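Adding 34 to a residue's 1-based position in the sequence shown gives its number in the numbering used here. Have a look at the structure below before the remarks.
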Amino acid sequence: MENVTNYLQLGYTHVIPMGFDHILFILCLFFYSSKLKTVLLQCTIFTLVHSLSLGLAAFGIVIYNSKIIETLIALTILYTAIENIFFTQNSKIRYLLIFIFGLIHGLGFAKALKEIGIPKTQFFTSLISFNIGVELGQISIILAAYFLISKWFSNKIWYKERIVYPISSAVGCVALYWVIERVLSN
35 MENVTNYLQL
45 GYTHVIPMGF
55 DHILFILCLF
65 FYSSKLKTVL
75 LQCTIFTLVH
85 SLSLGLAAFG
95 IVIYNSKIIE
105 TLIALTILYT
115 AIENIFFTQN
125 SKIRYLLIFI
135 FGLIHGLGFA
145 KALKEIGIPK
155 TQFFTSLISF
165 NIGVELGQIS
175 IILAAYFLIS
185 KWFSNKIWYK
195 ERIVYPISSA
205 VGCVALYWVI
215 ERVLSN
């Protein structure tokens, strides 16, 4: 039971407070739609998919270059921020992109989990606990943003113009900086 608790906590803290890039990505998912149900569905799809790639990488089935993955993660944040500014409706392609982005982010989580280490005797329990911790961290971000912002302001005519666009623009600038920094450091 101690192992479950440890890996739940590691997964959660990998998102909050240590995963600034992940927090920004989840916020971009959040600001694309003001409907809590839609955002939670997107987050759940993202988690299921990143769990798949994380598991495959943890088993050594998928081999990846972590520098390339870190650059791709920054690009997913940049794209999602841009999408929030220039696209106004949920589309079916959004779910395909979340699927692809989940695969990429899962490999980023795999790098973190590799650094932490997983006991071989409790591999599945640790992996599942870590993923549940990550999901709880993501849900915490979504619920905080919902209750602090969307619940009160998403029905206002100025919501996108004064909240979504400026926040997405700021996130996009940070992500663009990360892309440039990561490309130049490779």
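Backbone N, C-alpha and C fix where the C-beta goes; we use that ideal spot for every residue, glycine too. The model shown is predicted, which means the values in this text are computed figures rather than measured ones.
Of the residues Y41, I152, I107, Q76, which one's Cα is nearest the Cα of F54?
Closest by alpha carbon: I107.
Considering only the beta carbon of each residue, do F65 and V198 sit closer than 8 angstroms?
A contact, by the Cβ cut-off of 8 angstroms.
For K69, which three-state DSSP category applies?
K69 falls in the coil class under three-state DSSP.
Would you kindly report the start and end of the unbroken alpha helix (DSSP H) that includes W212?
Segment 199–219, the alpha helix (DSSP H) holding W212.
For L109 and Q156, I'd like the C-alpha separation in whole angstroms.
C-alpha separation (whole angstroms): 34 angstroms.
Figure out for me which residue from L44, I102, G94 has the closest Cα to the Cα of E215.
Of the candidates L44, I102, G94, the one whose C-alpha sits nearest the C-alpha of E215 is I102.
Whole angstroms are fine: how far does the CA of E149 sit from the CA of E36?
Rounded to whole angstroms, E36 to E149 spans 20 angstroms at the Cα level.
Under 8 angstroms by Cβ, that's how I've got I176 and L74 pegged, so tell me the actual separation to the nearest angstrom.
Contact holds; Cβ gap of about 6 angstroms.
Roughly how many angstroms separate the alpha carbons of S160 and H48, rounded to a whole number?
C-alpha separation (whole angstroms): 14 angstroms.
Can you give the Cα-Cα distance for S203 and R128, rounded to whole angstroms?
Cα to Cα, the separation comes out at about 19 angstroms.
Leaving out five residues on either side along the sequence, give the residues of the same chain with a beta carbon under 7 angstroms from the beta carbon of F164.
Excluding sequence neighbours, F164 sits near Y41, L44, G45, L147.
Between G140 and S87, which are expected to be in contact by the criterion C-beta below 8 angstroms, what is the C-beta distance as a whole number of angstroms?
That pair is a contact at about 3 angstroms.
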